[in-house]
Each structure stands twice: as C-alpha cells, then as structure tokens.
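Undergrad: If you're matching positions, the sequence shown starts at 493 in my numbering and goes up one per residue.
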Amino acid sequence: MLRRLLVTFILALVAALAAGCHRNKVANPIANVNSKQPDKVLFDRAMDAMQHGKYDVARMTLQTLINTYPDSEFIARAKLAVGDSWYAEGTTAAYAQAEEEYSQFQVFFPNMAEAAEAQKKIGDIHYKQMEKADRDPTQALKAEDAYRQLVLQYPDSKLVPEAKERLREVQEVLADREYGIGHFYFVRGSYTAAIARLKTLADTYPLYSQVDEALFLLGNAYERQAGISRNARMPVQISNLPAGQAKDYNMQMWKKLTDANIAHFDDLAAQTYSRLVSQYPVMDRAKEARERLEALHHAIPEPTQEAIARNKAEQESRRSETMFQRFMDNLHHGPSMASAARVGDPTIEQPPQTNATDVLAEANDALKRNIPALNGGSEAGGEKAGTEGGGEKAGTDSGTAAPAAGTSGGATGAIGVQPLGNGSSGSTAQPAVVQPSPQPAPPPQPAPAVTQPAAGEQPRPQAQPDNGIEELKPITPPATTPAPGTGGNSQPAAQIHTGITSQDTQTGTAAQQQQQQQQAAQPAQNSSDQASSKNSKKKKKKDQQQQPPPPPPQ
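#1: Counting beta carbon pairs with one atom in the region 756-765 and one in the region 718-726, are three or more of them shorter than 8 Å?
#2: So is N822 buried or exposed if we call it buried at 16+ other beta carbons inside 10 Å?
#3: In this structure, how does DSSP classify N1059 when only helix, strand and coil are distinguished?
#4: Helix, strand or coil for L733, going by three-state DSSP, please let me know.
#5: So, helix, strand or coil for N847, using DSSP?
#6: So the alpha helix (DSSP H) Q596 belongs to, where does it begin and stop?
#7: Go ahead and label I614 buried or exposed: buried means 16 or more other beta carbons lie within 10 angstroms of its beta carbon, across all protein chains shown.
#8: In the region 623-655, which residue ranges form an unbroken alpha helix (DSSP H) of at least 4 residues, counting only runs that do not cross its ends?
#9: By a C-beta neighbour count over all protein chains shown, 10 Å radius and 16 as the cutoff for buried, is D668 buried or exposed?
#10: Quick one: what does DSSP say R856 is sitting in, helix, strand or coil?
#11: Would you call the CB atoms of Y619 and A608 closer than 7 Å?
#12: So is M1048 buried or exposed if we call it buried at 16+ other beta carbons inside 10 Å?
#13: Within 10 Å of its beta-carbon, does A787 have 16 or more other beta-carbons around it, so buried, or fewer, so exposed?
#14: Can you find the residues in the same chain that come closer than 7 Å, C-beta to C-beta, to V574, ignoring five residues on each side of it along the sequence?
#15: Report the rounded CA-to-CA distance for L642 versus R777, giving the unit in angstroms.
#16: Just curious, the alpha helix (DSSP H) that R784 is in, first and last residue?
#17: Can you check which of these residues, N803, D628 and A858, is closest to H825 by C-alpha distance?
#18: Q543 lies in the alpha helix (DSSP H); which residues open and close that run?
#19: Tell me whether R784 is buried or exposed, calling it buried when 16 or more other Cβ atoms sit within 10 Å of its Cβ.
#20: Shortest alpha-carbon distance to E661 belongs to which of Q744, A738 and A830?
#21: Count the other CB atoms within 10 Å of the CB of Q842; is the residue buried (16 or more) or exposed (fewer)?
#22: Rounded to whole angstroms, what is the Cα-Cα separation between D616 and P562?
#23: What is the DSSP secondary structure of H756, reduced to helix, strand or coil?
#24: Starting from D548, trace the alpha helix (DSSP H) in both directions and tell me its first and last residue.
#25: For the putative contact between R569 and F601, defined by C-beta atoms under 8 Å, what is the C-beta separation to the nearest angstrom?
#26: Assign N789 to buried or exposed, taking buried as 16 or more other Cβ atoms, counted over all protein chains shown, within 10 Å of its Cβ.
#27: Tell me, to the nearest whole angstrom, how far the beta carbon of P838 is from that of Q663; I am working on the premise that it is less than 8 Å.
#28: Which of helix, strand or coil does DSSP assign to N712?
#29: Just to confirm my understanding: we take P795, look at its own chain, exclude 5 residues before and 5 after, and list those with CB closer than 7 Å. What are they?
#30: Between the Cα of Q729 and those of A805, T696 and A738, spot the shortest distance and give me the residue it belongs to.
#31: For G672, which of helix, strand or coil comes out of DSSP?
#32: Any idea what DSSP makes of Y677, helix, strand or coil?
#33: Classify V665: buried if its beta carbon has 16 or more other beta carbons within 10 angstroms, exposed otherwise.
#34: Please check the pair M542 and A580, which I expect to be a contact at CB under 8 Å, by giving their CB distance rounded to whole angstroms.
#35: Starting from the C-beta of L707, find all residues in its chain whose C-beta is less than 8 Å away, skip the five residues before and the five after it, and write them out in chain order.
#36: Do H756 and A855 have their C-beta atoms closer together than 7 Å?
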C-alpha cells in the first residue's frame, strides 16, 4: 500500500513538472488557405518553424515577409505571428517582447478583428505569470486591467466570454488577498483598517467564494468598534471639574457623543448582516447573520427568489478540490482557480475604494448630524451654564465639543473614547472638555489718528505701545539732526577704563614720530646705495676694456 502511494505521488509530481515546462502551442491561422504565392509560402514556413520550437527562424522568416511584401494580405497576420512566437517561447523576457508586439499591433491595426485577440494575449501573458494570493499582486492587477480593456473596447468580439471567465478567476485571487489583509487587521484589533479592507472587498468582488465570511467579519468589526465606545471611560478633564452646571453639561455632551457613536456603528453592522442575508442567502454565514440581527434588535430581511437562485447557481458553479489536489497546488507557482465562480458578471467598472480615513469621516459626519452642537450650534442649557471653580475655563472657546480623532488598535478611531480594561488593543484620545458659556470678546479699540506731516517736514514714526520689556522697545531716530560734535544722545558717553595714563600716551606719540622719520629717511639711503653700486659697475667695465689682450699661445 505504501509503495503504491509512493508511485502515485512520483507520477503526479512528474506530470506536474511536465505541465509546468511545456511550451505554448501555436496553430497556423491560415492553414486552410490554398495558395502558392511566395508570401503565403513564407508564412507557412514560419508557422512550421514555430511549431517545431525554432522561434528565431520563424521570426526571421516573418520579418522577411513583412519587408519583402509590404502590401501582402498576410501582413497583419505576420505581425501578429511575431508576437505569437515570443509568447510561445514562454520565458519572462519573451513575454515582455510579446506584450510589446501585441501593443504595436493594436496601434497599427485597431479596427481589425485580430486587435481583440492581441488584447486578450496581453491579458494571458500576465495571467500565466500570476502568483498566489499572499504574494506580489502586480501580474494579477495587470491581467485584470487587460481583460477589462478587452470587454470595454471590443464588446462585440467573440473573445469576450472567455475574457470574462479569466477575469472572474483573476478577481478571485485579488479578493482572496484583500480578505487575508482584512482578517489580519481584525485579529490585531485594528478595526478601522479591517473595515476599510473588507468593505472594499465586498463592493469590488461580489463573486468572491468567501464573500459571506468577509461580510460577517465586517459586521463583527463594526460591533467591536461600537464596543470600544460602549466601554469607554469618561475623560479626567470632565470628571475633575467642580460640581456645577459646567460639569453637568460636559457629562451630558460626553454621553451624547458615546451614544451616537455606538448607534452609528451598530447600524452599520446591521446593514452589513442584512446585506449578507438578502444577497447570499444560501451561503454558510447567512444563518449566523440572522442571529446577529436578532441580537441587535433589527428587522431580518427576506431574500427574493431571484437572489436565492442566483446565489445557488454561483455556488454550484465552483469546483471542489480533493485533499490530494490541494496538496499538489502547493507545488505550482500560480494560484488555484478551482473556487472561482463560472457564472455571473465580473466587476468591469472599478468602484471607489474605501480607506480608514473614509471610515472616520463617515463616523464624524454621523455625529454632526445627531448632535447640533458639533456643527457650531448650541445645546439647550449650554448658553445659560456658567463656569465655576474660581472662573477657570474648562473647554473650548466656541462652547462646542468636537470629537477628537483617536486611534483604535493602530488605526484611527472615530470618537475620542478610552476603552476599559484590555478588551481591545486599541486606544483613543480624549475629547476636549466643553465650555458651556463662552466669554464675550472685548470691544475693539479705536485706531489712533494718523497725522500727516507738513510739507518739507520729515514724517515721524508712530508711537509703539510699551510692552514693559526693555529689550523689545523700538529704536527710533532722534527728532532733529544733532550738530557736529555734540552727539545725538543726551546721555554722557560711556567711559572705558583701559589703564593707560596721559604720560604713556605722550611716550607712545614720540616713539611713533621717531619711527616715521626713520621710515622717511630709509628710501633716500636706499637710492644713494643703488647709485653708488651702478657707478662702481661702470668703472669696472671701463677698466676691463682698457687692458691689453693676452698674447697668442706658442
């Protein structure tokens, strides 16, 4: 028995490796055309070389056809076949060259039926290079975009049904990736980030095989976010206020904020569970969603017969895998497509994406709708309540309480509440304490009159207020120009004590005069020395000329 299992495993492994190493087959699209024209002969030779794996020979033959017969009826097919040769080669570099050839074909022949085929081949290039859901999604995103372009640009093409089928498989992989990220955030307690991911998944990929799990997890994330506000403690800024109207007003505002936040997220959770029950009634989580709606005291919707039939057809179209097939999927580079739906329209138009900021903005808008004071209005009793405890201000000057944007488990929360205990890993910031009666603003001071200077008179700077700081007082020029030598300041000049007496000053002055006389006499002495040197050189030269020449040698 063990030997039989081992042999079966080895055969399956060899088959999987052989399937991963095969080349893309190429068929001659005009093989049934009976013609002896030289351009047709060249095209047939290229196709034959391509079928035997001689891709370089095939490309050279096709290029010869294109250059020699530019007006041939096979010119479009020849250009498309160049891309097919790269596509059949199957390497990463060859796929890049094939994509370039297909893109150029669409530029040169946009109205031909083969343009849709070229667009589909671009999608197939990225489809074959897709990785699993927990890996790099670049190729899957490019494949999704290519198939979408085919459906939008060539809606009448016969390749549209096949493109939609591939698109459903690609979107299954992308949805599985989004679900993994959202589940990770949920487990870590980052409910705002989990809400953003799971809501985007449910809106973008409604045919996902685990969409019921995604919606149920989304409803739980909304309930957890409401639980953070439900277990929140009152900020110390409010609890430490002295007893009186100010403290009562702030406590009422705090209770209204928390109640509104709880109601907002509970309503979103109920809407999510209702969507699961009405749109996916035959899936596993539909029963649990009904129970959660009963716990939230919301009405349970009844799904229509059309929704039941549609959801049942989607579930029956999915293929199931055996344990051995799931094991073999681990040996493949690409993802498994067995759980993708085979019926239904995939998402063609990309819906708006939801992020954590949108979740917070929606929560804050709901608070502003339910509490008029957050919109700059006034609550009943807030205008009459005064501050106590020595006139100390407690809150904002506007008399309203705006919720502070906190965080919840690494993601931003919608209202500044702090949870009790360790029920959640998130933390939230405290809101500002509310000041019920704003202090009246002081009346505006009249501006000082500005006097225009008379003709010929210099304008005087305006007087600056005295701020009590000597270093910050403005420096103003004197009113009149002082006489030379009198100085412009009425204060006596500062005396600097250097330790030099008047006798030292006289001695220094005499020494400076003697040094100046020596410097003046030095140029004259240098001139006389230069003149005597020149005279001695001339005399020496004259004596040499008067001497008789030496006698010649014997």
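Don't be surprised by glycine CBs; every beta carbon is placed ideally from N, CA and C.
TA: According to the data block:
#1: The region 718-726 is in contact with the region 756-765.
#2: Translated into the one-based positions of the sequence shown, residue 822 becomes position 330. Exposed, because fewer than 16 other Cβ atoms sit within 10 Å of the Cβ of N822.
#3: No information on residue 1059 is available, as it lies outside the stretch 493 to 1046 that the chain covers here.
#4: Translated into the one-based positions of the sequence shown, residue 733 becomes position 241. Secondary structure at L733: coil, using DSSP grouped into helix, strand and coil.
#5: Numbered from its first residue, the sequence shown carries residue 847 at position 355. In this structure, N847 counts as coil in the three-state DSSP scheme.
#6: As a first step, residue 596 must be located in the sequence shown, where it is residue number 104. For Q596, the enclosing alpha helix (DSSP H) has its first and last residue at T584 to F600.
#7: Numbered from 1 along the sequence shown, position 122 holds the residue referred to as residue 614. The residue in question, I614, is buried, as its Cβ has 16 or more Cβ neighbours within 10 Å.
#8: Listed in chain order, the complete alpha helix (DSSP H) runs (minimum 4 residues) inside the region 623-655 are 630-645.
#9: As a first step, residue 668 must be located in the sequence shown, where it is residue number 176. By the 16-neighbour rule on beta-carbons within 10 angstroms, D668 is buried.
#10: Sequence index remark: in the sequence shown, residue 856 carries index 364 (1-based). Checking the sequence shown, residue 856 turns out to be Asn, not Arg. Annotated three-state conformation of N856 is helix, per DSSP.
#11: In the sequence shown, residue 619 corresponds to position 127, counting from 1. In the sequence shown, residue 608 corresponds to position 116, counting from 1. No.
#12: Because the chain spans 493 through 1046 in this model, residue 1048 falls outside it and cannot be assessed.
#13: Residue numbering aside, residue 787 sits at position 295 when the sequence shown is read from its first letter. A787 comes out exposed.
#14: Here residue 574 refers to the residue found at position 82 when the sequence shown is read from its first residue. So the qualifying residues of the chain are R551, L554 and E593.
#15: To locate residue 642, count along the sequence shown from 1; it is residue 150. To locate residue 777, count along the sequence shown from 1; it is residue 285. About 35 Å.
#16: Mapped onto the sequence shown, residue 784 falls at position 292. Note, R784: alpha helix (DSSP H), A778 to A787.
#17: By 1-based counting over the sequence shown, the position of residue 825 is 333. Ranking the options by Cα distance to H825, first place goes to D628.
#18: On the sequence shown, residue 543 is found 51 positions in, with the first residue counted as 1. Following the DSSP letters along the chain, one finds Q543 inside the alpha helix (DSSP H) bounded by residues P530 to Q543.
#19: To locate residue 784, count along the sequence shown from 1; it is residue 292. Under this definition R784 is a buried residue.
#20: Taking the first residue of the sequence shown as 1, we reach residue 661 at position 169. The residue from Q744, A738 and A830 with its alpha-carbon nearest to that of E661 is A830.
#21: Translated into the one-based positions of the sequence shown, residue 842 becomes position 350. Classification of Q842: exposed, given that the 10 Å Cβ count is below 16.
#22: On the sequence shown, residue 616 is found 124 positions in, with the first residue counted as 1. On the sequence shown, residue 562 is found 70 positions in, with the first residue counted as 1. Note on geometry: alpha-carbon atoms of D616 and P562 lie some 29 Å from one another.
#23: Taking the sequence shown and counting its residues from 1, the one referred to as residue 756 is at position 264. Helix, per DSSP.
#24: One-based indexing of the sequence shown puts residue 548 at position 56. Where D548 is concerned, the enclosing alpha helix (DSSP H) stretches over Y547 to T560.
#25: Taking the first residue of the sequence shown as position 1, residue 569 is located at position 77. Taking the first residue of the sequence shown as position 1, residue 601 is located at position 109. No, R569 and F601 are not in contact; Cβ-Cβ is about 10 Å, not under 8 Å.
#26: As a first step, residue 789 is located in the sequence shown; it is residue number 297 there, counting from the start. The question names Asn, but residue 789 in the sequence shown is His. By the 10 Å Cβ count, H789 comes out exposed.
#27: Position 346 of the sequence shown, counting from 1, holds the residue named residue 838. Position 171 of the sequence shown, counting from 1, holds the residue named residue 663. That belief holds up - the Cβ atoms of P838 and Q663 are roughly 6 Å apart, short of 8 Å.
#28: Taking the first residue of the sequence shown as position 1, residue 712 is located at position 220. It is helical.
#29: Taking the first residue of the sequence shown as position 1, residue 795 is located at position 303. Taking P795 as the centre and dropping the five residues before and after it, the same chain places the C-beta of V769, S770 and P773 closer than 7 Å to its C-beta, in chain order.
#30: Position 237 of the sequence shown, counted from the start, is the residue given in the question as residue 729. Closest option to Q729, judged by alpha-carbon separation, among A805, T696 and A738: A738.
#31: In the sequence shown, residue 672 corresponds to position 180, counting from 1. G672 falls in the helix class under three-state DSSP.
#32: For the purposes of this step, residue 677 is taken as residue 185 along the sequence shown, with counting starting at 1. Helix, per DSSP.
#33: By one-based count along the sequence shown, residue 665 stands at place 173. So V665 ends up on the buried side.
#34: Counting from one through the sequence shown, the residue named residue 542 turns up at place 50. Counting from one through the sequence shown, the residue named residue 580 turns up at place 88. Their Cβ separation, rounded to whole angstroms, is 6 Å, which keeps M542 and A580 in contact under 8 Å.
#35: Counting from one through the sequence shown, the residue named residue 707 turns up at place 215. Excluding the 5 residues flanking it on each side, L707 has same chain C-beta neighbours closer than 8 Å at L690, A694, T764, Y765, R767, L768, Y772, R777 and A781, in chain order.
#36: Mapped onto the sequence shown, residue 756 falls at position 264. Mapped onto the sequence shown, residue 855 falls at position 363. Yes.
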